[in-house]
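Undergrad:
In UniProt numbering, the protein residues as written are 1 to 324.
1. Using the beta-carbon count (16 or more within 10 Å), is residue 12 buried or exposed?
2. Does the Cβ-Cβ distance between residue 376 and residue 165 come in under 8 angstroms?
3. Quick one: using the 10 Å Cβ neighbour count with 16 as the cut-off for buried, is residue 200 buried or exposed?
4. Residues in the same chain with beta-carbon distance under 8 angstroms from residue 132, minus the five sequence neighbours each way, listed in chain order, please.
5. Just mark residue 53 as buried or exposed, buried being the case when its beta carbon has 16 or more other beta carbons within 10 Å.
6. What is the rounded straight-line gap between the Cα of residue 61 and the Cα of residue 235?
7. In three-state terms, what does DSSP make of residue 105?
8. Which one of 57, 55, 97, 63 has the shortest CA to CA distance from residue 73?
9. Let's test the definition: count the other Cβ atoms within 10 Å of the Cβ of residue 159 and tell me whether it reaches 16, buried, or not, exposed.
10. For residue 271, collect the residues of the same chain with a Cβ closer than 7 angstroms to its Cβ; drop the 5 residues on either side in sequence, then sort them by chain order.
11. So, with DSSP's three-state summary, where would you put residue 283?
12. Does the beta-carbon distance from residue 34 to residue 87 come in below 8 angstroms?
13. Under the assumption that residue 125 contacts residue 95 (Cβ atoms under 8 angstroms), give the Cβ distance between them as a whole number of angstroms.
14. On the criterion of 16 or more Cβ atoms from any shown chain inside 10 Å, does residue 266 qualify as buried, or is it exposed?
15. For residue 247, count neighbouring Cβ atoms within 10 angstroms of its own Cβ and tell me buried if that reaches 16, exposed if not.
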């Protein structure tokens with residue numbers, strides 16, 4: 001197998017938990033690594049799991065939207081090299097830097113500051129690089145068992161057992177990926193750029209502002225705290241299933257909460273009755289045509305499954321506000 005494959009089929013229909021753990025260990029701890037691509041792609045794949053269809057198919061657009069956000073912020077915003085060579089930059093670095101220069105985008109801008117149309121344009125450029133160097137290489141690193149893919153169709157379909165494995169151990173896998181990415185960057189970047197490096201990597205793909213989601217929810221008439229029911233004078237957007245697990249921002253996982261509930265809930269999982277309330281809320285939003293794009297990858301069963309997977313990942317659960 002090779003990094004330049006155009007099509008990859010699943011080699012092993014049945015995999016044991018032990019086989020998956022062994023392959024994952026090899027991916028993270030063995031093999032030659034000349035760029036950060038493998039860690040960046042794994043990070044993007046984990047962050048894109050919520051977009052998977054019922055047959056575990058994920059579009060390249062979803063994966064490389066996350067991948068591009070991460071690399072823009074690493075390369076431009078933080079000025080971090082992505083290659084082990086002092087004399088050569090990776091193809092992704094060259095693509096991003098050329099795009100920034102062409103459109104006169106300041107180097108200190110976070111990805112969120114770029115106009116939406118330019119973001120989409122850059123994602124397509126980075127996707128071309130990823131299709132050439134990353135998709136086939138990751139497939140080969142896992143012995144052809146992690147996913148099937150087709151570069152022409154621009155989709156990959158995860159092996160069912162890998163999908164379950166990733167969701168069940170997502171919190172730990174995200175932490176390992178971030179650590180390995182930070183470790184690589186630490187080796188090949190100047191000392192002044194690696195201060196608090198792991199912290200930078202952990203939040204590199206997180207949105208700077210959720211204000212647009214707050215406006216969307218408020219516009220639907222949601223003027224009370226989702227948890228305690230109090231009228232909202234100052235609201236926060238809360239990830240119902242914690243961002244630390246989801247690693248993505250989805251309208252169907254957002255609720256408006258008062259400052260107190262948002263702070264006290266923090267990284268906890270709300271009690272099950274709130275899950276049913278969110279399912280009802282989402283059913284209401286689904287009937288509004290303007291929100292259809294936000295629900296492209298949503299289903300009631302997916303939300304229930306993700307809620308249960310997040311519990312398996314060890315987050316404190318059954319949280320409820322203490323009402324006076």
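Quick reminder that beta carbons are idealized off the backbone N, C-alpha and C, glycines included. Note that this is a predicted model, so its numbers are computed, not measured.
TA: In brief:
1. exposed
2. Here the chain has residues from 1 to 324 only, and residue 376 is not among them.
3. buried
4. 4, 91
5. exposed
6. 32 angstroms
7. coil
8. 97
9. buried
10. 318, 319, 320
11. helix
12. no
13. 5 angstroms
14. exposed
15. buried
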